[in-house]
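Numbering (the working numbering), first residue to last: 11 to 377. Glycine included, each C-beta is placed from N, C-alpha and C at the ideal position.
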């Protein structure tokens, strides 16, 4: 109630100021008019200008109006000056100078107009910067896609050309060419799948298929399938996930994708031979999955960019036997977790990397 009254008073401030100046102008105009009447009457009586006495009443109204207008313009010249300043500021901004700010010299409606113009200009400037960043992001996206798809595609074309021209020495070499072509095609498909998944997850109309899932069982199954791949690359698995059911509402396919991406990332960048530790922790409000491995150190800049799309750490850290991806794995994982209202963070200390996936404990099945 008080706030509404205060707003009303604020709204009426400039109207009251103008009204006061109008009343003052009216009073001053009447006073000047009366003084002039007395003066002219005295002069006409002294000079015996009878014709002037007859003509003078016709001058009163124009004289009063001129006096009133002149006085009103003098008293409102500051308001007019501030209005001109606003108009000039808008003209400068409309010509493209978004760094310009209108001076805020009043506390009434005109001052708030100046303040709102400055806010609008600042938001417009931020919007333009954001649009430029989006445009740059699109260009980076196209560049990243082109770079990552070109390598396996070039290899596929090369191997097919060798097979097409019968440029192989024996059956074994033929089989090797076919196998390499197949591997490159699978790699290309994985890159395209990652790209499709990323664009789908970042779309505004992404929906989760939430169901009641035993997260312990899902994680145990993923580790069962992952362990042979890890062993082939000289990495052993250390599980600390307990044996109790952890039932919550999640999109099992997407969470499985996020966990798989974390496991593959750990496998690529683990020191060989080495180990990967997986832990599952629960609290009344949160479920935490940790994937930990030991690897080559990262700089602060590399660590900050690790979740950026298409960002890949120096390939010298990656495993020789594992094909490099498009740099979307961790970005996809974080997007999936954030869609579930969770967080995905990295703790890096003494060359030990711990990715911590936190999900809220949801006890209902509503989506």
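{"Check": "What is the rounded straight-line gap between the Cα of residue 153 and the Cα of residue 165?", "Outcome": "19 Å"}
{"Check": "So, for residue 82: in the same chain, excluding its five sequence neighbours on each side, which residues have a beta-carbon less than 6 Å away from its beta-carbon?", "Outcome": "35"}
{"Check": "Give the straight-line distance between the Cα atoms of residue 101 and residue 77, rounded to the nearest whole angstrom.", "Outcome": "34 Å"}
{"Check": "Classify residue 258: buried if its beta carbon has 16 or more other beta carbons within 10 angstroms, exposed otherwise.", "Outcome": "buried"}
{"Check": "Give a yes or no on contact between the stretch 37-56 and the stretch 95-111, applying the rule of three or more CB pairs nearer than 8 Å.", "Outcome": "no"}
{"Check": "Return the CA-CA distance between residue 368 and residue 264, expressed in angstroms with no decimal places.", "Outcome": "14 Å"}
{"Check": "On the DSSP bridge list, what partners appear for residue 358?", "Outcome": "363"}
{"Check": "Among 234, 362, 295 and 139, which has the Cα closest to the Cα of residue 352?", "Outcome": "295"}
{"Check": "Give the list of continuous alpha helix (DSSP H) stretches no shorter than 4 residues that lie fully inside the stretch 167-250.", "Outcome": "181-211 and 225-242"}
{"Check": "Could you pull out every residue in the same chain whose Cβ sits closer than 6 Å to the Cβ of residue 291, ignoring the five residues on either side in sequence?", "Outcome": "298"}
{"Check": "For residue 131 versus residue 96, is the C-beta spacing smaller than 7 Å?", "Outcome": "no"}
{"Check": "Spatial neighbours of residue 159 within its chain, please: C-beta separation below 7 Å, excluding the five flanking residues on both sides.", "Outcome": "198 and 201"}
{"Check": "Among 253, 149 and 267, which residue has its Cα nearest to the Cα of residue 207?", "Outcome": "267"}
{"Check": "Closest by CA to residue 230, which one among 248, 242, 90 and 110?", "Outcome": "248"}
{"Check": "Would residue 116 be called buried (16 or more neighbouring beta carbons within 10 Å of its own) or exposed?", "Outcome": "buried"}
{"Check": "Could you give the distance in angstroms between the alpha-carbon of residue 346 and the alpha-carbon of residue 254?", "Outcome": "24 Å"}
{"Check": "Work out the CA separation of residue 285 and residue 360 for me, nearest whole Å.", "Outcome": "15 Å"}
{"Check": "Quick check: the Cα distance between residue 143 and residue 150, rounded to an integer number of angstroms?", "Outcome": "10 Å"}
{"Check": "Three-state secondary structure (DSSP) at residue 282?", "Outcome": "coil"}
{"Check": "For residue 357, count neighbouring C-beta atoms within 10 Å of its own C-beta (all shown protein chains included) and say buried if the count is 16 or more, exposed if not.", "Outcome": "exposed"}
{"Check": "Less than 6 Å between C-beta atoms, sequence neighbours within five positions excluded: which residues of the same chain meet that for residue 194?", "Outcome": "162, 165 and 166"}
{"Check": "Which of helix, strand or coil does DSSP assign to residue 295?", "Outcome": "coil"}
{"Check": "Per DSSP, what are the beta-bridge partners of residue 370 in this structure?", "Outcome": "296"}
{"Check": "By the 10 Å Cβ neighbour count, where 16 or more other Cβ atoms means buried, how is residue 252 classified, buried or exposed?", "Outcome": "exposed"}
{"Check": "Need the endpoints of the alpha helix (DSSP H) that residue 347 sits in, please.", "Outcome": "339-349"}
{"Check": "Distance, Cα to Cα, residue 128 vs residue 85?", "Outcome": "28 Å"}
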